[in-house]
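Only one structure is covered here, and it is reproduced in the block below.
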Amino acid sequence: MEEHRNTILAILLSVIVLVGWQYFVGIPQVEKQKEAQKQQQQTQTQTQTTAPQPGQPSAPGTTSAPQPGGGAVSAPPVPGGVKPGTASRDAAIKASPRLAIETPRLRGSLALRGGRIDDLALIGYRETVDPKSPNVTLLSPSGSPDPFYAEFGWVSGPGENVKLPALDTLWTAENAGPLTPERPVVLSWDNGEGLKFRRTIAIDLNYMFTINDEVTNSGSQPVTLYNYGLVSRHGTPPVQGFYILHEGLIGALNDGKLFEIGYSSIEGKPAQTVKSTGGWLGITDKYWAAAVIPNQSQSLQGRFSSGSIGTLKTYQSDFLADATTIAAGGKASAENRLFAGVKEVAAVDGYQDALKVKNFDLLIDWGWFYFITKPLFYALDYFFRLTGNFGVSILIVTVFIKAFFFPLANKSYASMARMKAVQPQMLAIRDRFADDKVQQQQAMMELYKQEKINPLAGCWPILIQIPVFFALYKVLFVTIDLRHAPFFGWIKDLSAQDPTNLFNLFGLLPFDPAVIPIIGSFLHLGIWPLFMGVTMWIQMKMNPSPPDPTQKMIFDWMPVFFTFMLASFPAGLVIYWAWNNLLSVIQQGAIMKKHGAKIELWDNVKELAFWRKPPETKS
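Positions 0 to 618 (numbering that gives the first Met the number 0) are the ones given, in order, by the sequence shown.
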């Protein structure tokens with residue numbers, strides 16, 4: 000049984016990592032999010048999230064930026080007469096005068112009433128693989144079914160009565176727009192009491208807005224104001240629910256410390272506040288995100304919070320900068336940024352370097368094995384640029400990984416071969432000391448020493464490879480490069496499960512078994528998962544069957560178990576797993592042949608029930 004130690008260890012760890020948590024935590028989380036989404040769609044009420052005012056009570060169901068003194072202003076009514084939650088997205092957009100946003104990567108508008116950036120669609124990314132499907136919508140205004148927006152501005156200090164821009168403030172556009180990378184837009188508003196506000200909004204060729212807020216004080220008294228920025232989302236969005244992916248509130252504050260807060264973990268709990276200098280914070284989905292980035296030398300207080308009205312939840316990431324006092328006749332300004340777009344590695348890394356935003360690259364969930372995961376992505380991206388096919392890139396990188404670990408695998412199988420050579424002696428020792436486990440262990444250790452065998456030598460290569468394979472699994476799951484990326488044949492989207500299905504004879508029968516209640520989720524088994532299961536079965540059958548009946552049953556059924564479990568995984572991951580299995584079969588066969596170890600595949604196949612000869616009967 001010693002020769003099966005490594006395989007058992009690998010299977011056990013794989014089950015724990017890839018299946019256990021997913022099926023005991025991941026799926027219940029998905030169901031919870033689906034139920035929340037259903038409730039959201041049924042709820043026709045909605046709160047408005049707005050900038051805070053210190054010193055005033057907070058209205059129920061609102062969330063607001065952190066304040067000195069702990070106060071907040073109540074949310075004003077929806078602008079333009081749109082009832083909360085009852086308008087379509089188009090109607091909510093039309094409720095306010097707007098300036099168009101037109102860039103090579105983004106299309107949308109910003110609201111002149113309230114000055115919010117709340118209407119963005121992603122050019123080049125569609126909802127489905129159909130090239131005629133709508134572009135992915137990132138931001139939506141209040142009053143629409145799924146509000147998600149960014150807001151910047153000023154609040155006054157405790158005890159001060161200053162008229163400031165609010166949600167119903169109608170800004171004046173000093174130029175007609177649209178907002179393009181070549182042409183910023185300028186908004187202005189005069190409070191009629193000596194303060195004039197001017198906002199310049201610029202955007203680059205990708206996903207970064209720059210917002211410069213200026214205040215001119217023509218009055219006779221100094222004014223103290225606090226600059227803020229926020230990203231707010233109303234309603235709990237559907238999430239993937241996988242433990243290896245964070246979706247929700249996110250930020251890096253206090254010298255780059257990463258905060259990842261799930262929607263459910265912040266609901267009904269006090270806001271989390273963090274003192275910081277610079278940093279960033281926002282809300283992230285699997286592939287897209289919106290994050291506010293204050294001036295990196297600015298002292299501020301960041302906050303992650305949740306509120307509710309009825310059954311509708313609201314979520315907000317915001318910052319409040321330290322006080323700015325504007326003398327009579329003076330002027331003050333604050334420059335902040337907003338990332339609103341796709342979590343493309345090149346774009347996110349570029350902003351981190353250019354803007355000196357610490358750990359902004361962690362907007363992409365690289366995970367615990369960051370130091371392995373990110374280099375693996377660069378390798379995949381390199382071969383993708385060479386081949387033009389991300390699936391081919393997966394195959395190539397997997398070959399390099401197998402080659403890198405070949406010396407360890409060779410050592411592992413060499414140890415297994417030596418263990419197998421002394422197996423008769425090991426069995427004799429077990430028989431001789433069957434009733435004395437201590438003597439049995441001592442005799443075994445003496446045998447290992449005599450034959451120069453390290454019984455753990457074969458385990459370390461497996462343990463060392465697990466982080467690498469998990470990191471590759473992470474890359475394939477969380478990066479956007481696989482989304483809607485085709486492979487060959489019927490695989491049109493490497494981020495979706497194999498669309499073929501054994502249970503309707505791969506499309507010959509005109510029905511979908513997956514819709515059958517209760518068992519439907521187990522009745523989607525595509526070609527690639529089947530191939531993956533076959534390669535796993537072959538790999539396991541190359542070794543002798545374990546003498547223990549329980550172990551033998553586990554080995555016999557494990558490929559079937561994994562085949563069904565991985566059938567719903569993205570096709571890119573299943574292709575990687577199947578290809579890795581095939582390479583392992585070739586590698587294991589070569590090493591076993593080199594060390595003179597017998598390959599038991601054919602003997603194990605012959606042991607199957609349909610190969611066995613019926614027992615002879617005596618007359």
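Built from N, CA and C at the ideal position, the CB exists for glycine as well. The structure presented is a predicted model; accordingly, all values stated were derived computationally and were not measured.
- Item | DSSP-derived helix/strand/coil call for alanine 110 | strand
- Does the distance from the CB of asparagine 358 to the CB of phenylalanine 151 come in under 8 Å? no
- Item | Candidates Leu244, Val347, Lys195: closest to isoleucine 325 by CA position | Lys195
- When the distance is taken between beta carbons, is alanine 149 closer than 8 Å to leucine 337? yes
- Task: Identify every residue that forms a DSSP beta bridge with alanine 322.
- Result: Tyr225
- Message: Since leucine 121 and glycine 234 should fall inside the 8 Å C-beta cutoff, what is the C-beta to C-beta distance between them, to a whole number of angstroms?
- Response: About 20 Å separates the two Cβ atoms, so there is no contact after all.
- Message: Once DSSP output is grouped into helix, strand and coil, what is the label at leucine 600?
- Response: helix
- When the Cα of aspartate 555 is compared with those of Trp536, Ile249, Leu501, Leu98, which residue comes out closest? Trp536
- Item | Residue environment, isoleucine 292, which counts as buried when at least 16 other CB atoms sit within 10 Å | buried
- Does the distance from the CB of leucine 224 to the CB of valine 214 come in under 8 Å? yes
- Start and end of the alpha helix (DSSP H) containing serine 263? 262-265
- Task: Mark tryptophan 601 as exposed unless 16 or more other C-beta atoms lie within 10 angstroms of its C-beta, in which case mark it buried.
- Result: exposed
- Report yes if the CB atom of phenylalanine 502 is closer than 8 Å to the CB atom of glycine 532, and no otherwise. no
- Message: Check whether the stretch 160-169 and the stretch 235-244 are in contact - that is, three or more C-beta pairs closer than 8 Å.
- Response: no
- Cβ-Cβ separation, lysine 342 to tryptophan 287 (assumed contact under 8 Å), whole Å: 6 Å
- Query: Measuring CA to CA, which of Pro498, Val573, Met541 is closest to phenylalanine 530?
  - Reply: Val573
- Message: Give me, in chain order, the residues of the same chain whose beta-carbon lies closer than 7 Å to that of tyrosine 124; leave out the 5 immediate sequence neighbours on both sides.
- Response: Asn134, Val135, Val341
- Message: Per DSSP, what are the beta-bridge partners of glycine 306 in this structure?
- Response: Thr313
- For the beta strand (DSSP E) holding asparagine 205, just list the boundary residues, first then last. Taken as a continuous stretch (DSSP letters only), asparagine 205 belongs to no beta strand (DSSP E), as it is neither H nor E.
- beta strand (DSSP E) segment containing glutamate 150, residue limits: 147-155
- Message: Between arginine 232 and phenylalanine 147, how many whole angstroms is the CB-CB distance? I'm expecting something under 8 Å.
- Response: 5 Å
- Query: Taking Cβ to Cβ, would you say alanine 289 is nearer than 8 Å to leucine 138?
  - Reply: yes
- Report yes if the CB atom of glycine 261 is closer than 8 Å to the CB atom of glycine 247, and no otherwise. yes
- Message: At the level of alpha carbons, what is the spacing between proline 498 and asparagine 388?
- Response: 19 Å
- Taking isoleucine 371 as the reference, which of Asp480, Val474, Gly349 has the closest Cα? Val474
- Message: Only counting the same chain, and skipping five residues up and downstream in sequence, which positions put a Cβ closer than 6 Å to that of glutamine 36?
- Response: Because glutamine 36 carries a pLDDT of 45, less than 50, the predicted location of this residue cannot be relied on, and the following value inherits that uncertainty. For glutamine 36, where only same-chain residues beyond five positions count, the Cβ hits under 6 Å are Pro237.
- Task: Determine the burial state of threonine 386: buried for a count of at least 16 other Cβ atoms within 10 Å of its Cβ, exposed for fewer.
- Result: exposed
- Length of the line joining the Cα atoms of phenylalanine 521 and glycine 114: 49 Å
- In three-state terms, what does DSSP make of serine 296? coil
- Given phenylalanine 476 as reference, the closest of Lys274, Gly571, Ser155, Pro130 once Cα atoms are compared: Gly571
- Task: Ignore the nearest five residues each way along the sequence and tell me which others in isoleucine 363's own chain have a CB closer than 8 Å to its CB.
- Result: Lys342, Val344, Val347, Val477, Thr478
- Query: In or out: glycine 191 buried (at least 16 other Cβ within 10 Å) or exposed?
  - Reply: exposed
- Message: With a threshold of 8 Å on Cβ separation, who are the neighbours of glutamine 271 within its own chain once the five nearest residues in sequence on each side are excluded?
- Response: Phe258, Ile260, Ile265, Arg302, Phe303, Ser304
- Taking only the alpha-carbon atoms, compute the straight-line gap between arginine 104 and tyrosine 206 and give it to the nearest angstrom. 7 Å
- Message: Can you check which of these residues, Glu159, Phe399, Thr534, Ala589, is closest to asparagine 221 by C-alpha distance?
- Response: Checking the displayed sequence, the identity of residue 221 turns out to be proline instead of asparagine. Comparing Cα positions, the closest option is Glu159.
- Query: How is the alpha helix (DSSP H) around aspartate 430 delimited, first residue to last?
  - Reply: 422-431
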